[in-house]
Structures are given as structure tokens and as C-alpha cells.
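As C-alpha cells, the structure follows; a few thoughts come after it.
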Amino acid sequence: MNSSALKTIAIYLGVFGAGLCLFVLFLQASPSPETLIVGEWKELSWSYEKVDQPASDVIDKTISSNVKEAIGNRLVIHQAERWQFFPNGDLLLISDAGERMVKWQIKGRGHILQLVYDKDTAENYVLAELDNGQMNLHFETDVQARGIAKLTFERLN
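Take a look at the structure:
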């Protein structure tokens with residue numbers, strides 16, 4: 191190998207190494223979903239994000255309390271108004287009816303929020319948006335319009 195070929199290899203390795211270092215720095219600088227979700231969140235609304243029916247059949251994408259209750263019959267937490275996530279994996283669900291402690295964890299590639307009740311019942315939500323002020327959770331429902339329901343929360347603290 192001549193010196194020109196060695197220089198070219200060294201340049202390619204240097205550029206690759208620098209790119210790899212920048213990638214690792216970006217990963218370290220961005221907060222993980224596990225740390226962003228910790229805190230108290232207030233439920234703002236339920237709405238349809240995606241609906242299987244034609245648009246003319248669905249006039250308002252807001253979910254009424256009757257439909258919310260029908261959907262909620264399959265969900266354990268459907269009446270929780272405030273969710274308080276703790277760093278140890280505990281989640282306190284607070285509603286007018288009382289409080290309930292469950293376990294939470296982030297699964298998949300950081301986009302699935304799993305809530306576990308009594309070690310045998312689990313609910314999975316797609317963590318569609320999570321930042322310092324807002325959280326959107328999606329779940330599929332076959333009630334009424336059969337689509338993806340969206341829960342919107344705002345951070346309280």
C-alpha cells in the first residue's frame with residue numbers, strides 16, 4: 191500500500207469516528223422517556239386520532255362521556271384524572287372515586303407505555319408525544335367508530 195491509500199483510509203476512519211462520537215453525544219444529551227415522564231400529569235381530553243369510518247360519519251372527533259365509558263370498560267384507568275409517575279416504576283392514578291397504585295414501564299424502542307395491574311393485567315399505550323409540557327397516548331378501540339383513541343395530558347409540576 192502506498193502512502194496515498196493509507197491517507198485515504200485514515201481520513202475515512204477519522205470521519206466515521208467523528209460521526210460516531212457525535213451520534214453518541216446526541217443520544218446522551220437527549221433525555222430518555224423514563225425521565226421525561228416522571229411527575230404529575232392531568233388528563234385534558236380523549237379524542238379520535240384515526241377513525242376507520244368515512245369522515246362524513248364522524249362529525250366530531252371528541253369522545254363523548256358515554257363512548258369514553260364504553261371504551262373504558264376494557265381499560266382499568268379510564269376514570270383517572272391525574273397520573274403521577276414515580277421514578278421507581280410506581281404510578282398513582284387519582285380520580286374522584288379514589289386513588290390506585292399500579293406499575294409502569296417504557297417498552298419497545300421507548301414508545302410503548304405499559305401499565306401493569308395485579309401482576310396479570312397489563313395495558314399498552316403508544317407514547318405518541320412526550321415533552322416537558324404535554325403527553326399524548328394512543329390506544330386502539332373497536333367501540334363506536336373503531337379507531338385509535340388519543341388521550342392528551344398536561345404536566346402539572
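So for the sequence shown, our numbering puts the first residue at 191; every next one is plus one. For each residue, glycine too, the CB sits at the ideal point set by N, CA and C.
Three-state class that DSSP yields for residue i in the structure shown
i, result
"S194", "helix"
"V214", "helix"
"E271", "coil"
"F276", "coil"
Selection from the options that minimises the alpha carbon distance to residue i
i, options, result
"Q304", "L281, V214, S237", "L281"
"A318", "I227, A287, N192, E289", "I227"
Burial state of residue i, where buried means 16 or more other Cβ atoms lie within 10 Å
i, result
"L341", "buried"
"Y398", "As displayed, the chain neither begins before 191 nor continues past 347, which places residue 398 out of reach and without an answer."
"W325", "In the sequence on display, residue 325 carries Met and not Trp. With 16 or more other Cβ atoms within 10 Å, it is buried."
"A270", "buried"
"E344", "exposed"
"E289", "exposed"
Sequence-distant residues of its chain with Cβ nearer than 8 angstroms to residue i (five each side left out)
i, result
"A312", "Q304, L305, V306"
"F329", "L265, E313, N314, Y315, V316, I338, A339, L341"
is_contact[residue i, chain C] using C-beta, thresh 9 angstroms
i, result
"T342", "Note that chain C does not occur in the displayed structure, where there is just one protein chain."
Beta-carbon contacts of residue i that lie in its chain and below 7 angstroms, excluding the five residues immediately before and after
i, result
"Q295", "G279, Q304"
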